[in-house]
Each structure stands twice: as C-alpha cells, then as structure tokens.
Amino acid sequence: MQLIIFGDGMKNKDHVKFKGLRCGVSDKLYKQLQRRERLGELLLLGINEHNTSKTCNSCLESNLQNLRCGSGEDECKIHQALICKRCNIFCNCDVMGAKNMFTIAESTWNGNGHPNVFQRQSTTSNVVVTSHSGGALA
4 MQLIIFGDGM KNKDHVKFKG LRCGVSDKLY KQLQRRERLG ELLLLGINEH NTSKTCNSCL
64 ESNLQNLRCG SGEDECKIHQ ALICKRCNIF CNCDVMGAKN MFTIAESTWN GNGHPNVFQR
124 QSTTSNVVVT SHSGGALA
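Numbering-wise, the numbering used here comes out as the position in the sequence shown, counting from 1, plus 3.
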C-alpha cells in the first residue's frame with residue numbers, strides 16, 4: 004500500500020498556484036487523495052510541517068545559515084541554499100523539508116510520535132490578574 008504524506012500547510016489553499024496549473028489544484032489534489040484512501044488504494048498522512056525546512060535533516064538541529072556569495076558590498080544571500088553550521092552540509096530548504104517530513108511520518112508510523120524538534124513550543128505567559136476596582140479577586 005502506498006503512503007502519501009501531505010503537509011498541513013497545503014490544505015485548504017485554493018489560492019496557491021502550481022507552476023503551469025490553475026489556482027485551486029492543491030485542494031482538488033487533496034480531495035482526490037482522500038477519495039482514494041476511502042477506497043483503500045493508499046494511506047494518506049497529513050502532518051504538521053513546523054520547522055521542517057529550518058532543521059538540518061542530518062543532525063536534526065536548527066543551526067542553519069543561508070549560503071552567501073560575493074564579498075563586501077557585493078555579498079548576497081541565496082535563500083534556497085542553506086548550510087548546517089554543525090554538519091557543514093549544503094542543502095536546498097525544500098529538499099530538506101521533504102526529508103524531514105518523511106522523518107516525521109516514519110517516526111509516527113513506528114509509534115514514536117512527532118519528534119520534539121518539529122513540535123511547536125508551548126508558551127507560558129506570566130500574566131498577573133488584577134481587579135480594576137482595587138478589591139480582591141474571588
């Protein structure tokens with residue numbers, strides 16, 4: 004059985020235009036995949052893509068830097084090409100994102116859940132509640 008991994012970022016994005024195709028193709032593609040899953044032809048796995056293109060697929064650390072060319076005033080960043088400062092590996096952010104999405108799917112499939120490096124960190128707020136009238140809160 005085929006496993007299809009579909010990132011949550013592409014769901015319900017009818018305004019996204021694929022190269023050479025009309026807008027709305029991503030939603031139609033997703034609905035077609037869902038239909039084929041109901042027929043038992045494939046297994047569709049939707050995953051959260053958080054940090055997949057910002058994390059090295061080799062060491063799983065977010066220690067990446069844009070590739071730079073030129074020097075001095077002529078120096079410019081190449082936004083698609085990233086270098087891991089730890090591994091010294093060059094990678095395209097889209098390729099790295101796809102490999103990391105596979106890592107998430109494989110980890111989930113093996114029962115290990117979503118790897119921590121790709122999970123959103125919960126924020127705790129230090130909010131102090133006070134009464135406007137100056138009285139104590141119940």
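Cβ coordinates follow ideal geometry from the N, Cα and C atoms, glycine included.
**Prompt:** CB residue 66 to CB residue 59, shorter than 8 Å?
**Reply:** In terms of Cβ geometry, residue 66 and residue 59 form a close pair [threshold 8 Å].
**Request:** Would you decide whether residue 141 is buried or exposed? Buried here means 16 or more other CB atoms lie within 10 Å of its CB.
**Result:** Low confidence applies to residue 141: its pLDDT is 49, below 50, so where it sits in the model is not reliable, and the reading given next is rough at best. That one is exposed.
**Request:** Name, in chain order, the residues that DSSP records as bridge partners for residue 71.
**Result:** 80
**Message:** Does the segment 30–37 come into contact with the segment 83–95, if we say contact requires no fewer than three beta-carbon pairs (one atom in each stretch) closer than 8 Å?
**Reply:** no
**First and last residue of the uninterrupted beta strand (DSSP E) at residue 95** = Residues 93–95.
**Residues that residue 32 bridges to, as DSSP identifies them** = Looking at the DSSP assignment, residue 32 forms no beta bridge with any residue, so it has no partner.
**Item:** Range of the contiguous beta strand (DSSP E) that encloses residue 6
**Value:** For residue 6, the enclosing beta strand (DSSP E) covers residues 5–10.
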